[in-house]
Amino acid sequence: MPSPLITHLYTADPSAHVFNNTLYIYPSHDRETTIAFNDNGDQYDMTDYHVFSMDSIDGPVTDHGIALSANDVPWVSKQMWAPDAAFKNGKYYLFFPARDKKGIFRIGVAVSTAPEGPFVPEDNFIKGSYSIDPAVFVDEDDKAYLYFGGLWGGQLQCWKGGEGVGEDGVDGLAFDASLSGPNEPSGSGVKALCPRVAQLSDDMLSFVSPPRDLQILTESGEPIAADDHERRFFEAAWMHRYRGKYYFSYSTGDSHYLVYATGDSPFGPFTYQGRILEPVLGWTTHHSIVEFQGRWYLFYHDCELSGGVDHLRSVKVREILYDEEGKISLA
Ligand code: FUB
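For the sequence shown, the tail end lands on 646 under the working numbering, and the numbers increase by one without skipping.
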């Protein structure tokens, strides 16, 4: 079994990117808490982000220290969850979810001139943003997209049809706090909730248009069903491109798989392809996929270092391979 890459802190939800020939990891920073485990994820009570880097996949990992703290973000109340980062316009952008002062998960952005930060946050969250686990993807034509969403504690199921832009600032959706926790749609013939995608403005600070559903279909072209817990989207969106195809990967949550789907456009639709990683030790599973020095890697986390404590996770890495049809397997 691979060893944790970082042992002096607990780290989770690793978003890995290569900037200036160096591999940077943007993870959550897990911390000890007395909050009991619950299905709302209250035990994931993080307050800051560190950025890490590696010059080679087997080399030492450098901790660049605190890159952003909740105390520095005016709109945040608590729970700085899984972040991601991107480079565009000569700047580095850190996207992060957290609860706002009303307890609603939103997505914020912070900017730096260096990949390791420190990052300076915008005063408010991205207008029209909601839920968790932002993954930012800058395509070859330099257009940038934000993928996001998470069920249960991630509140995706709390956003239901509304008219116009509601008081919570989300176009066509209204927030229903009574649906927090494990209240996703269920029942035969019901479609699973979709992850969301929005194109980002050139300055990376706002959505070009309201987020839309990212369709994930079965091989026969049907939307994945809500009760198909081994394949339906739960959280941990990630987008990468391989040989001209778009790969959307994600966690199935309560069935604990990392799976992927492929498509021909960053907006989808995507067709389910299979599993990348079987369940790890711990409830959550979350990852990123990146090419570094000519090989492809899966960054993920498990709870081996903490002896199985769900909210104390550690980042690990494994090489992945593609076959001739572009199917992913672990090396
Ligand atoms: O780290 C907190 C949450 O746990 C993340 O946002 C989810 O993806 C899960 O890993």
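We put the beta carbon where it would ideally sit given N, CA and C, even for glycine.
Taking a 10 Å sphere around the C-beta of valine 512, we find 16 or more other C-beta atoms and assign the residue as buried. By the C-beta criterion, the stretch 348 to 357 is judged to be in contact with the stretch 494 to 501, since at least 3 inter-stretch pairs fall below 8 Å.
Between valine 435 and alanine 413, the C-beta gap is not smaller than 7 Å, which leaves the two residues out of contact. In the structure shown, the three-state DSSP call for serine 371 is coil.
Counting C-beta atoms within 10 angstroms of its own C-beta, histidine 601 has 16 or more neighbours from the protein chains shown and is therefore classed as buried.
A residue is called buried when at least 16 other Cβ atoms come within 10 angstroms of its Cβ; isoleucine 321 meets this threshold and is buried. Contact between aspartate 528 and serine 501 does not hold, since their C-beta atoms are separated by about 18 Å, which reaches or exceeds 8 Å. Methionine 316 and aspartate 328 have their alpha carbons spaced roughly 18 Å apart. With a cutoff of 7 Å on beta-carbon distance, tyrosine 575 and serine 564 are scored as near each other. With a cutoff of 7 Å on beta-carbon distance, aspartate 345 and leucine 627 are scored as near each other. Around the beta-carbon of leucine 466, 16 or more other beta-carbon atoms lie within 10 Å, marking it buried. Aspartate 399 and tyrosine 561 have their C-alpha atoms some 18 Å from each other. Taking non-hydrogen atoms of ligand 1 into account, the C-beta of histidine 601 is found less than 6 Å away from one of them. Isoleucine 447 is not a Cβ neighbour of phenylalanine 490, given a cutoff of 7 Å.
With respect to aspartate 370, threonine 337 sits close: the two C-beta atoms are nearer than 7 Å. For phenylalanine 607, the closest of Ser343, Asn404 and Leu636 by C-alpha to C-alpha distance is Leu636. Serine 368 places its beta carbon less than 7 Å from that of threonine 377. Counting only residues of its own chain and dropping the five nearest sequence neighbours on each side, serine 516 has a CB closer than 6 Å to the CB of Val523.
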